[in-house]
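Peer 1:
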Amino acid sequence: MKSYKVVIVGDKAVGKTVYIDSFITGEFMKSYIQTIGVTVKDIDFHTSIGKVGFQCWDISGDPKMVGIVDGFLIGADCAIIMFDVTDRQTYRSVAGWYDTLSRVVPGIPVVLCGSKTEDPNRKVGPSSIIFHRKRGLSYYDISTQSNFNKEKPFIYLLNVLNKRKDIALATPPYESEAINEQKDNSKIDLSKVDNCDNFNENPNHNNNTNLPLVIPITFFDPEDLNSDFKKNLNLN
Ligand SMILES: Nc1nc2c(ncn2[C@@H]2O[C@H](COP(=O)(O)OP(=O)(O)OP(=O)(O)O)[C@@H](O)[C@H]2O)c(=O)[nH]1
Ligand SMILES: [Mg+2]
């Protein structure tokens, strides 16, 4: 399975931890528990190119942590910068977060996200969000609370990382390109089927696709059969 290190930065309380945790728990957490330093969590997505993992480095937005942030960014493949659309100051801070990223991991794909967009007290309107434009980044309005656009930033990063535009979330039963090839060419490269959970994890599993056909057998009492059927089977 492909896996990428993604760093999530932005001022404190913009919603970074609640966003990442929502992919793991499926729930929105209302309370605010400040992140100390960094927490690292793995999340994965079923996509049109198979299952893809992101190792999410959820970094504290506390200004007191500034000195140690650089160390967490090293080795990142991509980044999410988050601000809170109900708090103008968090949008003003975006430039600083971008500069830090550009200094430590220059050139990595970055996506900008405005969080809490379901909140009626929105202060940063869509027309004033322009930071991303000149820098060639993408921007998404998101809301963890109302599940709005949640996967979009990850799918965008996946496309940039793979220099593609067509990678999308897969829908159950998670058809991948490898499976589609099987349909088209009647052959399958099992090494590419990494989205079939546990398929290749069983050490006893035989990867030979020419497995014998097993027909279920039902035992019956010949007395129960009608006479025509008995004749065909030579049971009379
Ligand atoms: N209304 C609303 N509130 C949200 C949303 N996402 C997060 N929050 C709230 O924002 C607060 C802060 O969320 P956290 O995820 O802990 O913030 P953080 O960015 O990780 O903060 P630090 O760890 O201090 O850097 C919490 O009370 C969340 O419930 C959202 O989509 N809508
Ligand atoms: Mg946090």
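The numbers in the numbering used here rise by one with no breaks, and the one at position 108 of the sequence shown is 90. By construction, the Cβ of each residue, glycine as well, lies at the ideal position given by its N, Cα and C atoms. Predicted model only: the values in this text are computed from it and were never measured.
Quick check: the segment 92 to 105 against the segment 26 to 39, are at least 3 beta-carbon pairs closer than 8 Å?
Peer 2: No, the segment 26 to 39 is not in contact with the segment 92 to 105.
Peer 1: I need the straight-line Cα distance from proline 154 to valine 67, nearest angstrom please.
Peer 2: Answer to the nearest angstrom: the Cα atoms are 33 Å apart.
Peer 1: Could you tell me how far apart the beta carbons of threonine 17 and serine 42 are, in whole angstroms, since I believe they sit closer than 8 Å?
Peer 2: Confirmed, Cβ separation roughly 4 Å.
Peer 1: Quick check on DSSP: helix, strand or coil for isoleucine 112?
Peer 2: The answer is coil: DSSP assigns isoleucine 112 none of H, G, I, E or B.
Peer 1: Enumerate in chain order the residues of its own chain whose CB-to-CB distance from glycine 19 is below 7 Å, with the five nearest sequence positions on each side excluded.
Peer 2: Counting only Cβ-Cβ distances below 7 Å, and skipping sequence neighbours, we find Ser42, Met47 and Ile50.
Peer 1: Report buried or exposed for threonine -1, applying the criterion of at least 16 other Cβ atoms within 10 angstroms of its Cβ.
Peer 2: Buried is the call here.
Peer 1: In this structure, how does DSSP classify lysine -16 when only helix, strand and coil are distinguished?
Peer 2: The answer is strand: DSSP assigns lysine -16 an E or B state.
Peer 1: According to DSSP, is methionine 64 helix, strand or coil?
Peer 2: Strand at methionine 64.
Peer 1: So, at 8 Å on beta carbons, what are the nonlocal neighbours of isoleucine 15 in its own chain, with the 5 sequence-adjacent residues on each side left out?
Peer 2: Within the same chain, isoleucine 15 has close Cβ partners Thr(-1).
Peer 1: Does the Cβ of serine 125 have 16 or more other Cβ atoms within 10 Å, making it buried, or fewer, making it exposed?
Peer 2: Burial call: buried.
Peer 1: I need the residues with a C-beta less than 5 Å from some heavy atom of ligand 1; please give them in chain order.
Peer 2: Output, sorted by chain position: Lys(-6), Ala(-5), Val(-4), Gly(-3), Lys(-2), Thr(-1), Val0, Lys12, Tyr14, Gln16, Thr17, Ser42, Gly43, Lys98, Asp101, Ser125, Thr126 and Gln127.
Peer 1: Distance, Cα to Cα, phenylalanine 54 vs valine 86?
Peer 2: Going by the C-alpha atoms only, they are around 10 Å apart.
Peer 1: Can you tell me whether glycine -8 is helix, strand or coil according to DSSP?
Peer 2: DSSP places glycine -8 in coil when its eight states are reduced to three.
Peer 1: Exposed or buried, which one is alanine 150 when buried takes at least 16 other CB atoms within 10 Å?
Peer 2: Classification of alanine 150: exposed, given that the 10 Å Cβ count is below 16.
Peer 1: Based on DSSP bridge pairs, tell me the residues matched to lysine 23.
Peer 2: Note: lysine 23 sits in a beta bridge opposite Cys38.
Peer 1: For a test of the three-state rule: what should DSSP assign to serine 120, helix, strand or coil?
Peer 2: In this structure, serine 120 counts as strand in the three-state DSSP scheme.
Peer 1: Can you check DSSP and say which residues form a bridge with threonine 126?
Peer 2: None; threonine 126 has no bridge partner.
Peer 1: Report the rounded CA-to-CA distance for valine -4 versus lysine 116, giving the unit in angstroms.
Peer 2: Answer to the nearest angstrom: the Cα atoms are 23 Å apart.
Peer 1: Who are the near neighbours of aspartate 179 in its chain, counting only those whose CB is closer than 7 Å to its CB and skipping five residues on each side?
Peer 2: Below a pLDDT of 50, predicted positions are generally treated as unreliable, and aspartate 179, at 36, falls in that range; the measurement from the model is reported next regardless. Hits under 7 Å: none found.
Peer 1: Measuring straight from C-alpha to C-alpha, what distance separates leucine 83 and glutamate 133?
Peer 2: In a straight line, the C-alpha of leucine 83 is about 22 Å away from that of glutamate 133.
Peer 1: Does DSSP classify threonine 72 as helix, strand or coil?
Peer 2: DSSP places threonine 72 in helix when its eight states are reduced to three.
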